[in-house]
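Asker: Before I ask anything, here is the structure I am working with.
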Amino acid sequence: MKKIVIDNNRLDDYRDSNIIIRDNKIIFNSNGDYTLEYVNSGDINLDIDIADNVTIKLFIWSNGNDLKILNHYKLGYKSNLMLFKFYYNNNVDENVVIDLNGEYSHLSYNFSSISRGKEEYHIIVNHNHHRVSSNISNKCIGLDNSKIKLQIDSVLDKGNTLCVMDQNSRILTLGKVEATIIPNMFIEEDSVEAKHGSIVGRIAPEEIFYLMSRGITEEEAVTLLIKGFIFSNLVVDMEKRARIFQVIQDLRR
Amino acid sequence: MKLEIKDLAVEIDKKLILDKFNLDVEEGSIHVIMGPNGVGKSTLSRVIMGDENYHVIEGDILFESSSIVKLKTDERSRKGIFLAMQSPMEIDGVSNQDFLRTAISQKNEERVGLYQFIKSVEEAVSDLNMNKDLIHRSLNVGFSGGEKKKNEVLQIKLLKPSLIILDELDSGLDVDSLRIVCENILKYKRENPSTAILIITHYSMILEYLRPDYVHILANKHIIKTGDYNLVSDIEKNGYGKYLETKNTYGEDCL
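These protein sequence lines map, in sequence, to chains A and C.
Counted the way the numbering used here counts, the first sequence spans residues 109 to 361.
Counted the way the numbering used here counts, the second sequence spans residues 1467 to 1721.
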């Protein structure tokens, strides 16, 4: 696992023959497993290119920031981006544009967050070639008095046949939360497989009852359910798991 | 262990479900509650477990001679009551392993050691002829009906309750799975002879394995008839009709 850090909105100097970092651009030239971490950052503007035939597993971590982000990903022929993100920030205004430019390129976008302030996310996935596919899964927990807006636009122009697109977003509210999900699918091509789902809701009392009926206290039951909600969306190693778990534990204290 | 239910009246959404309900379950005994659909059999199990959707408006439930009606569900569980549910919850993201380890730790009031936990789970999983992978998967998610019920019995073996309530354990189980599940409950009972079992069912097949000492018919909000195992055969042959046509002990028409 290699870590790229953005500290105070500046990409740290990073030496790896497989990637090129230039100003605000990261180019991945061969397969790899990377972590991108925002430290003390506010305005972030990144271009991320993934070359042909390259598979990248990228974990993005941000904790305690006030973020304003514009990130632009471009995927080449047969490239594969597996993106896992975890945020626990003060406020977020994030715009992500993902261009699936090469045939057979694939995006797996998995975002989990715990929100305590005002957070707005706009994710645009452009399916710019035949046989490209995207799978987007957002799982956000809204703490009391938080505001979350998720807008996901899956875009497919006429002529790009045999594409597959899936988007699924859930916001779990803990207290008084203003939660909005806007799941858009702008599709002009008939030859496509597309599905989406959006849910805003509280923790099901039946789930809490089941856990409590096994001797687990209500407080511990809610913690287990929060952990489950967040981790069910993230495939991460033990070190990252421990960091996220620590955030949840601190939150529940 | 003794469970005593005294003159219990229970309502949900202002509708009376149980009334003047009485039942004594002695240590080590096996009871079955049978009755037509919708008479409140599952309600009874959830009231004993402390489901807050049901309101006890009269009467009392004593467990080991102490009232439990004011206790929360988790407190009742830690006292030794276990409800094997008709439709166990599927909880995405919460691994079976994480859930079990948390439950055992909370019951024992200390974090269970990993080695001891794995050893106990492996033994129980083997006894139940369960797929070992199920322990690492999300709780009950994608489990077949039979796997869910085996998972309930796995929890019994690990949490070691002194009162087991089986709410339609037989639903969703094929013949072989029903046999395995019942054999494991009987094995648990042999190892823990003071454990009492309260079975809620529509069918006699489970009772061929878990021979009850007492058979109760629930109708008109309370128990209208109590007998021994012969009562099961009679219900199987003739249905509930002749019992429902009679007056109950309060002189009221049944149903």
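All C-beta atoms in this analysis are idealised placements derived from N, C-alpha and C, irrespective of residue type, glycine included.
Please report the straight-line C-alpha distance between D345 of chain A and G1546 of chain C, rounded to a whole angstrom.
Answerer: As a working note, residue 345 of chain A is residue 237 in the first sequence. As a working note, residue 1546 of chain C is residue 80 in the second sequence. If I take the Cα positions, the gap works out to 37 Å.
Asker: Using a Cβ cut-off of 8 Å (strictly closer), state whether G1559 of chain C contacts chain A.
Answerer: Taking the first residue of the second sequence as 1, we reach residue 1559 of chain C at position 93. Closer than 8 Å: yes.
Asker: I want to verify the contact list: residues of chain A whose CB lies under 9 Å from the CB of K1536 of chain C, in sequence order.
Answerer: Position 70 of the second sequence, counted from the start, is the residue given in the question as residue 1536 of chain C. None at all; the shortest Cβ gap to chain A is about 15 Å.
Asker: By the 8 Å beta-carbon criterion, what residues does the region 1610–1626 of chain C contribute toward chain A?
Answerer: Going along the region 1610–1626 of chain C in chain order, one finds Q1621, L1625 with a Cβ nearer than 8 Å to chain A.
Asker: Which residues share a DSSP beta bridge with C271 of chain A?
Answerer: Walking along the first sequence from the start, residue 271 of chain A turns up at place 163. In the DSSP output, where bridge partners are listed per residue, C271 of chain A has A:V300.
Asker: Helix, strand or coil for V162 of chain A, going by three-state DSSP, please let me know.
Answerer: Position 54 of the first sequence, counting from 1, holds the residue named residue 162 of chain A. Coil, per DSSP.
Asker: Can you pull the chain C residues whose beta carbon is under 7 Å from the beta carbon of F337 of chain A, in chain order?
Answerer: By 1-based counting over the first sequence, the position of residue 337 of chain A is 229. G1559, listed in chain order.
Asker: Give me the Cα-Cα distance between D1517 of chain C and P313 of chain A, rounded to the nearest whole angstrom.
Answerer: As a first step, residue 1517 of chain C must be located in the second sequence, where it is residue number 51. As a first step, residue 313 of chain A must be located in the first sequence, where it is residue number 205. Cα to Cα, the separation comes out at about 10 Å.
Asker: With a CB to CB cut of under 7 Å and the five nearest residues on each side skipped, what residues in its chain are close to L1644 of chain C?
Answerer: Within the second sequence, numbered from 1, the residue matching residue 1644 of chain C stands at position 178. Excluding residues within five positions, the ones whose Cβ falls inside 7 Å are D1636, M1671, I1672.
Asker: With 8 Å set as the bound, which would you pick, yes or no: does the beta-carbon of Y195 of chain A sit closer than that to a beta-carbon of chain C?
Answerer: Taking the first sequence and counting its residues from 1, one reaches residue 195 of chain A at position 87. Chain C, which has no Cβ nearer than 8 Å to the Cβ of Y195 of chain A, makes this no.
Asker: Taking CB distances under 8 Å as the criterion, tell me whether Q1572 of chain C reaches chain A.
Answerer: For the purposes of this step, residue 1572 of chain C is taken as the residue at position 106 of the second sequence. For Q1572 of chain C, the answer is yes, since a Cβ of chain A falls inside 8 Å of its Cβ.
Asker: Look at P1678 of chain C and Y1706 of chain C and say whether their C-beta atoms are less than 8 Å apart.
Answerer: Counting from one through the second sequence, the residue named residue 1678 of chain C turns up at place 212. Counting from one through the second sequence, the residue named residue 1706 of chain C turns up at place 240. Cβ distance not < 8 Å, so P1678 of chain C and Y1706 of chain C don't count as in contact.
Asker: Does the separation of the CB atoms of K1615 of chain C and G1638 of chain C fall below 8 Å?
Answerer: As a first step, residue 1615 of chain C must be located in the second sequence, where it is residue number 149. As a first step, residue 1638 of chain C must be located in the second sequence, where it is residue number 172. Their beta carbons are under 8 Å apart, which means K1615 of chain C touches G1638 of chain C by this criterion.
Asker: Nearest chain A C-beta to S1508 of chain C closer than 8 Å, yes or no?
Answerer: Locating residue 1508 of chain C in the second sequence gives position 42, where the first residue counts as 1. No, because no Cβ of chain A sits closer than 8 Å to the Cβ of S1508 of chain C.
Asker: Candidates A:Q354, A:K348, A:V343, A:E347: which alpha carbon is nearest L332 of chain A's?
Answerer: Along the first sequence, read from residue 1 onward, the residue named residue 332 of chain A stands at position 224. Ranking the options by Cα distance to L332 of chain A, first place goes to A:Q354.
Asker: Can you find the residues in the same chain that come closer than 6 Å, C-beta to C-beta, to R224 of chain A, ignoring five residues on each side of it along the sequence?
Answerer: Counting from one through the first sequence, the residue named residue 224 of chain A turns up at place 116. Once the five neighbours on either side are set aside, the close Cβ partners of R224 of chain A are L251, S254.
Asker: So what's Y146 of chain A in DSSP terms, helix, strand or just coil?
Answerer: Taking the first residue of the first sequence as position 1, residue 146 of chain A is located at position 38. Looking at Y146 of chain A - three-state DSSP - the assignment turns out to be strand.
Asker: Please report the distance separating the alpha-carbon of N1562 of chain C from that of S1586 of chain C.
Answerer: As a position in the second sequence, residue 1562 of chain C is number 96, starting the count at 1. As a position in the second sequence, residue 1586 of chain C is number 120, starting the count at 1. For N1562 of chain C and S1586 of chain C, the distance between alpha carbons rounds to 14 Å.
Asker: Applying a beta-carbon distance threshold of less than 8 Å, which residues of chain C neighbour Y318 of chain A?
Answerer: One-based indexing of the first sequence puts residue 318 of chain A at position 210. Neighbours of Y318 of chain A on chain C, chain order: M1551, P1554, M1555, I1557.
Asker: Which one of A:E327, A:G305, A:V113 has the shortest CA to CA distance from V154 of chain A?
Answerer: Within the first sequence, residue 154 of chain A is the residue found at index 46, counting from 1. For the record, residue 154 of chain A in the displayed sequence is Leu; it is not Val. The option with the nearest alpha carbon to L154 of chain A is A:V113.
Asker: Which residue from A:N139, A:D157, A:F192, A:S149 puts its Cα closest to that of S340 of chain A?
Answerer: Indexing the first sequence from 1 puts residue 340 of chain A at position 232. Minimum Cα distance to S340 of chain A is reached at A:F192.
Asker: I'd like the ranges of any beta strand (DSSP E) spanning at least 3 consecutive residues and lying wholly in the region 1511–1565 of chain C.
Answerer: Runs of the beta strand (DSSP E) inside the region 1511–1565 of chain C: 1521–1529, 1547–1550, 1557–1561.
Asker: Whose C-beta lies closer than 6 Å to the C-beta of G305 of chain A among residues of the same chain, with five residues either side of it excluded?
Answerer: Taking the first sequence and counting its residues from 1, the one referred to as residue 305 of chain A is at position 197. Taken in chain order, the residues that qualify are N276.
Asker: Which residue comes first and which comes last in the beta strand (DSSP E) that contains R130 of chain A?
Answerer: Working through the first sequence from its first residue, we reach residue 130 of chain A at position 22. Counting along the chain, the beta strand (DSSP E) containing R130 of chain A begins and ends at 127–130.
Asker: What number of angstroms, rounded off, separates the C-alpha of E1493 of chain C from the C-alpha of P1659 of chain C?
Answerer: Walking along the second sequence from the start, residue 1493 of chain C turns up at place 27. Walking along the second sequence from the start, residue 1659 of chain C turns up at place 193. Their Cα atoms are separated by approximately 8 Å.
Asker: Strictly below 8 Å CB to CB, what residues from chain C border G225 of chain A?
Answerer: Stepping through the first sequence from its first residue, residue 225 of chain A is reached at position 117. Near G225 of chain A there are no residues of chain C at all, since even the closest Cβ is about 24 Å away, more than 8 Å.
Asker: Across the region 175–184 of chain A and the region 192–208 of chain A, are there enough close Cβ pairs to call them in contact, namely three or more that are closer than 8 Å?
Answerer: Taking 8 Å as the limit for Cβ pairs, the verdict is that the region 192–208 of chain A does touch the region 175–184 of chain A.
Asker: Taking the alpha-carbon of N1574 of chain C as reference, which of C:K1626, C:G1501, C:E1657, C:V1513 has the nearest alpha-carbon?
Answerer: Here residue 1574 of chain C corresponds to residue number 108 of the second sequence, with the count starting at 1. It is C:K1626.
Asker: Which residues in chain A sit within 9 Å of A1569 of chain C, going by Cβ to Cβ distance?
Answerer: One-based indexing of the second sequence puts residue 1569 of chain C at position 103. Neighbours of A1569 of chain C on chain A, chain order: L319, R322, G323, I324.
Asker: Quick check: is the beta carbon of L359 of chain A nearer than 8 Å to any beta carbon in chain C?
Answerer: One-based indexing of the first sequence puts residue 359 of chain A at position 251. Output row for L359 of chain A: interface = no.
Asker: Can you check whether the C-beta of S221 of chain A is within less than 8 Å of a C-beta belonging to chain C?
Answerer: Numbered from its first residue, the first sequence carries residue 221 of chain A at position 113. It does not; no Cβ of chain C falls within 8 Å.
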